[in-house]
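The structure appears right after this line, and notes come after that.
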Ligand SMILES: Nc1ncnc2c1ncn2[C@@H]1O[C@H](COP(=O)(O)OP(=O)(O)OP(=O)(O)O)[C@@H](O)[C@H]1O
Ligand SMILES: [Mg+2]
């Protein structure tokens, strides 16, 4: 039964074949996630630890970025509104911008950078130093312990972080409005939320869930399938961030289209 | 070329491999491997870098799937096993990785407790602690229990790796280059440890190495791999008495005539 020496012929071309194979591989990865996430035993402790890591890694950066985004957006919008004497509309304009678009996107991009790269690098280095194989041979399911917990943590934490970003962004905006128009905080928030519908909140939450899932899946996939050697680690981290960000923008476009057609 | 065809006694054989083939793309790594490991025996696998020694033991542990051939471990056909059965079987196989493969986010103690916690959730912390003390004592590193893997030397890491596999009480040990990259004194210590494990824990082992001292002190039998096949099997003297093969001659000269 000597295997023959002919290299296999590609169906279309080597590159196109490889692309479709990797798409197929990612779908298998995702379906394995859904199969294993529902099957006990659940790795609760590791899941909580990962949630903490996701929050802890990105909280400082998100606080700063969220606050500045709100502040700067308010500052930049004021002159245009002032031309029509409509600066009193600022709170509702800002809240729509922040809650509908900025908070989910800013949170997702920052997490893709911070969390995606660290998951990618961590799993890849475990892969190349054979720690994942070591789990496998001591009858531990590494997919369940490492991948499922991380994907879940990203999916759960992103909406929470997004809510936090939105709040901090509104605070930034309030600071600027308070300094210029002396609006009180209750009046500011009353105006800000007057134009926010349930659909807005729901769509932002939904987007964040999708973004979190994407970051988790992409970075775990890259780490878990890293090629041998230490260059594989850097590559996995890098590719995890780039692909996550790319997919986040694509999803943003698609989800906004869908929500707008419902509205 | 001498061929070694032992009579198979199924009560006695723990691993039996026949006609094993494995390729990665056009790289044909294993080309017809036959091997029997008997109960309580240490087999040393010798061969140059890249001949597929690691691939062979990864197939035995079910980490890689063979292209053709049978791999029978403790009466079970490894490539045909489902996830749950493979998990059962793996508890009986201890796999020592080339560089220890310790979980570097955990301390030594946590590294040892981890497989126990996952595989026997009912075990109490006290029982775990006792087992950890036993295996750490067996590898002579009790004082490192609270250290991180990054703080250990290469030899210590390998010994902790051995301890971590021993803690599940395996029947078969697979050592991937246990002495590579270590100084001669540490090598001797590891060789003694392998022999002690064989006696104390009653294991059968496959030991992969380039090091003939290790082969001579730990191996009951030597198997020499070349171009994806075993070209010779037998005890140390038999294998090296006939140096008509270039690989065997060079191996011997390199290790013993300097
Ligand atoms: N997962 C893999 N994917 C592709 N090729 C692989 C894989 N694992 C091993 N190989 C190839 O198989 C061949 C044998 O590798 P293996 O690691 O078994 O060598 P080895 O005999 O253990 O060598 P060393 O003594 O250096 O450890 C190598 O050419 C390697 O490139
Ligand atoms: Mg090897």
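Chains as they are written, first to last, in this note's numbering: chain L, 13 to 275; chain U, 45 to 302. The beta carbon of each residue, even a glycine, is placed where N, CA and C say it ideally should be. All values derive from a computational prediction rather than experimental measurement.
Short Cβ contact (8 angstroms threshold) for residue i with residue j
i, j, result
"residue 252(L)", "residue 234(L)", "yes"
"residue 130(U)", "residue 106(U)", "yes"
"residue 79(L)", "residue 181(L)", "yes"
"residue 250(U)", "residue 90(U)", "no"
"residue 225(L)", "residue 166(L)", "yes"
"residue 297(L)", "residue 92(L)", "Chain L is shown only over 13 to 275; residue 297(L) falls outside these bounds and no answer can be derived."
"residue 129(L)", "residue 207(L)", "no"
"residue 99(U)", "residue 66(U)", "yes"
"residue 246(U)", "residue 63(U)", "no"
"residue 188(L)", "residue 83(L)", "yes"
"residue 109(L)", "residue 245(L)", "no"
"residue 202(U)", "residue 176(U)", "no"
"residue 231(L)", "residue 74(L)", "no"
"residue 117(U)", "residue 103(U)", "no"
"residue 146(L)", "residue 68(U)", "no"
"residue 223(U)", "residue 264(U)", "no"
"residue 200(U)", "residue 210(U)", "no"
"residue 221(U)", "residue 262(U)", "no"
"residue 5(L)", "residue 135(L)", "No answer is possible for residue 5(L): the residues shown for chain L start at 13 and end at 275."
Test: residue i CB closer than 8 angstroms to a CB of chain U
i, result
"residue 152(L)", "yes"
"residue 141(L)", "yes"
"residue 13(L)", "Low per-residue confidence applies at residue 13(L): pLDDT is 43, beneath 50, and the placement is therefore not dependable, though the value from the model is reported in the following sentence. Output row for residue 13(L): interface = yes."
"residue 241(L)", "no"
Whole-Å CB distance - residue i paired with residue j, under 8 angstroms assumed
i, j, result
"residue 196(U)", "residue 189(U)", "Not a contact, Cβ separation roughly 11 angstroms."
"residue 156(U)", "residue 207(U)", "6 angstroms"
"residue 150(L)", "residue 212(U)", "6 angstroms"
"residue 216(U)", "residue 97(U)", "Not confirmed; about 16 angstroms, so no contact."
"residue 139(U)", "residue 218(U)", "5 angstroms"
"residue 86(L)", "residue 174(L)", "That belief does not hold up - the Cβ atoms of residue 86(L) and residue 174(L) are roughly 19 angstroms apart, past 8 angstroms."
"residue 59(L)", "residue 229(L)", "16 angstroms between Cβ atoms; not a contact."
"residue 122(L)", "residue 70(L)", "6 angstroms"
"residue 292(U)", "residue 280(U)", "Contact doesn't hold; Cβ gap of about 11 angstroms is too wide."
"residue 274(U)", "residue 268(U)", "7 angstroms"
"residue 266(L)", "residue 164(L)", "At roughly 23 angstroms, the Cβ-Cβ gap does not stay under 8 angstroms, so residue 266(L) and residue 164(L) are not in contact."
"residue 77(U)", "residue 101(U)", "Their Cβ separation, rounded to whole angstroms, is 11 angstroms, which puts residue 77(U) and residue 101(U) out of contact at 8 angstroms."
"residue 219(L)", "residue 116(L)", "4 angstroms"
"residue 145(U)", "residue 142(L)", "4 angstroms"
"residue 72(L)", "residue 227(L)", "Residue 72(L) to residue 227(L), Cβ: 18 angstroms. No contact."
"residue 152(L)", "residue 162(U)", "5 angstroms"
Residue-chain proximity (residue i, chain L), Cβ-Cβ < 8 angstroms
i, result
"residue 131(U)", "yes"
"residue 172(U)", "no"
"residue 201(U)", "no"
"residue 137(U)", "yes"
"residue 182(U)", "no"
"residue 105(U)", "yes"
"residue 159(U)", "yes"
"residue 212(U)", "yes"
"residue 51(U)", "Note that residue 51(U) has pLDDT 48, beneath the 50 cutoff, so the model's placement of it is unreliable and no number is given."
Contacts that residue i makes with chain U (C-beta to C-beta distance below 7 angstroms)
i, result
"residue 146(L)", "141, 145"
Cross-chain neighbours of residue i in chain L, by beta carbon under 7 angstroms
i, result
"residue 163(U)", "151"
Neighbour list for residue i in chain L, Cβ cutoff strictly below 9 angstroms
i, result
"residue 134(U)", "148, 149, 150, 151"
"residue 64(U)", "Neighbours of residue 64(U) on chain L: none; closest Cβ ~10 angstroms, over 9 angstroms."
Self-check item: Environment of ligand 2 in chain order, Cβ to heavy atom below 7 angstroms
Solution: Here the residues close to ligand 2, judged by CB distance below 7 angstroms to any of its heavy atoms, are 97(U), 98(U), 142(U), 220(U), 221(U), 252(U) in chain order.
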